[in-house]
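Note that this note's numbering has the sequence shown beginning at 37, numbered continuously upward. C-beta atoms are modelled at their ideal positions from N, C-alpha and C, and glycine is treated no differently. Computed from a predicted model, the values in this text were never measured in an experiment.
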Amino acid sequence: MEVLRWTCVLGLLFTLARAARAESPVVFQSPKAISLMKVNSTAKIQCRTTLINPTGLYLKRRFSKELEVLYFSVGTSKRTVNQEYKHRLSMIGECCDYTLQLSLLGVKDSDGYYCIWSKLDEQSGGVKRYESTDTIIIIRERDPKEDCNRIHNLQQILFLLSVTAGAVVVCVFLGVLMWRCTRTKESYRPVVTNQRHHQLCPQHSDMQYIYHNN
Numbered sequence: 037m038e039v040l041r042w043t044c045v046l047g048l049l050f051t052l053a054r055a056a057r058a059e060s061p062v063v064f065q066s067p068k069a070i071s072l073m074k075v076n077s078t079a080k081i082q083c084r085t086t087l088i089n090p091t092g093l094y095l096k097r098r099f100s101k102e103l104e105v106l107y108f109s110v111g112t113s114k115r116t117v118n119q120e121y122k123h124r125l126s127m128i129g130e131c132c133d134y135t136l137q138l139s140l141l142g143v144k145d146s147d148g149y150y151c152i153w154s155k156l157d158e159q160s161g162g163v164k165r166y167e168s169t170d171t172i173i174i175i176r177e178r179d180p181k182e183d184c185n186r187i188h189n190l191q192q193i194l195f196l197l198s199v200t201a202g203a204v205v206v207c208v209f210l211g212v213l214m215w216r217c218t219r220t221k222e223s224y225r226p227v228v229t230n231q232r233h234h235q236l237c238p239q240h241s242d243m244q245y246i247y248h249n250n
C-alpha cells in the first residue's frame with residue numbers, strides 16, 4: 037500500500053513537471069552579435085528550443101525592414117526562403133536545434149535577426165509562437181586590419197619614393213657640378229695653346245723687337 041501511494045505521488049509530480057514544461061517552453065538563440073565582418077562573409081545563427089513537437093521555425097529581420105527570411109516546416113522539412121536570400125541561406129541540424137548560415141553578406145544585410153518557433157495549441161486549435169532574442173549582424177565595407185595594412189603599405193611606398201627622389205636630386209647635382217668643372221678646364225685650353233705658340237716661334241718675338249727699334 038505504501039509503495040502504491042509513492043508511485044501515485046511520483047506519477048503526479050512527473051505529470052505536473054511535463055505540464056509546466058509544456059506551458060513554459062524555452063527558446064535559445066546565439067550569438068548575440070556578429071560584428072566587424074567583411075563583405076561577402078558568412079554568419080551563423082543557432083536556434084534551439086525545448087518545445088515538444090514544434091510545427092515550424094521562422095527566421096526574420098527586424099530593424100531596417102520587417103522581412104521573413106525563412107520558414108522551415110519541422111514536420112515536412114520544407115523550406116521557404118525569401119528571394120533576397122536565395123542561394124545564400126542554408127541550415128543544418130535536427131529538431132529542435134538548428135544552425136542557420138547566411139553567406140555572401142553585404143552592407144545592406146546589416147540588421148537584427150531573430151528566430152520564432154511555432155506550435156499547435158491543442159486546446160484552442162490555434163498556433164502559438166515563441167520568439168527568441170535578436171542576433172545583431174553588422175557588415176563593414178572593409179576590414180579594419182586591411183585598412184591598417186593599406187596605410188602601412190602606403191607609408192612604405194612614400195618612403196621609397198622619397199629615397200628615390202633624393203637619390204635623383206643628388207645625381208643631378210653631381211652631374212651639373214662635373215659638367216661645370218669640365219667646361220671650366222676647356223676654357224683655359226686656348227691660353228695654353230697661345231703660350232705654346234709663342235714658345236715654339238721665337239722669331240716672331242725678335243721681329244717685333246726690331247720693328248719697335250726702327
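Check	Outcome
Simplified DSSP state of residue 202, which is helix, strand or coil	helix
Residue 207 versus residue 172: straight-line alpha-carbon distance, rounded	60 Å
Residue 89 beta carbon near the ligand SAH (any heavy atom closer than 7 Å)	For the ligand SAH, the structure offers nothing, since it holds no ligand at all.
Alpha carbon of residue 75 to alpha carbon of residue 129, nearest angstrom	26 Å
Opposing strand residues paired with residue 19 [DSSP bridges]	Outside the shown range of the chain (37 to 250) lies residue 19, about which nothing can therefore be said.
Host beta strand (DSSP E) of residue 137 (start-end)	133-141
Bounding residues of the beta strand (DSSP E) (the contiguous stretch that carries residue 125)	125-130
Residue 164, enclosing beta strand (DSSP E) - first and last residue	163-167
Cβ neighbours of residue 164 in the same chain (closer than 6 Å, five flanking residues each side left out)	155, 157
CB contact check: residue 112 to chain B, cutoff 8 Å	Chain labels in this structure do not include chain B; a single protein chain is all it has.
Assigned exposure category for residue 153 - 16 Cβ within 10 Å defines buried	buried
Span separating the alpha-carbon of residue 110 from that of residue 133	11 Å
Spatial distance of residue 95 from residue 175 (CA atoms)	19 Å
Residue 248 to residue 217 span [Cα, whole Å]	Note that residue 248 has pLDDT 49, beneath the 50 cutoff, so the model's placement of it is unreliable and the number below is only indicative. For residue 248 and residue 217, the distance between alpha carbons rounds to 42 Å.
Close Cβ partners of residue 131 (< 8 Å) along its chain, the five nearest in sequence each way excluded	90, 110
CB of residue 251 within 8 Å of CB of residue 65, strictly	No information on residue 251 is available, as it lies outside the stretch 37 to 250 that the chain covers here.
8 Å contact criterion, which residue 126 and residue 119 should meet: CB distance rounded	Not really, about 16 Å apart at Cβ, beyond 8 Å.
DSSP state of residue 193 mapped onto helix, strand, coil	helix
Straight-line Cα distance separating residue 85 from residue 63	4 Å
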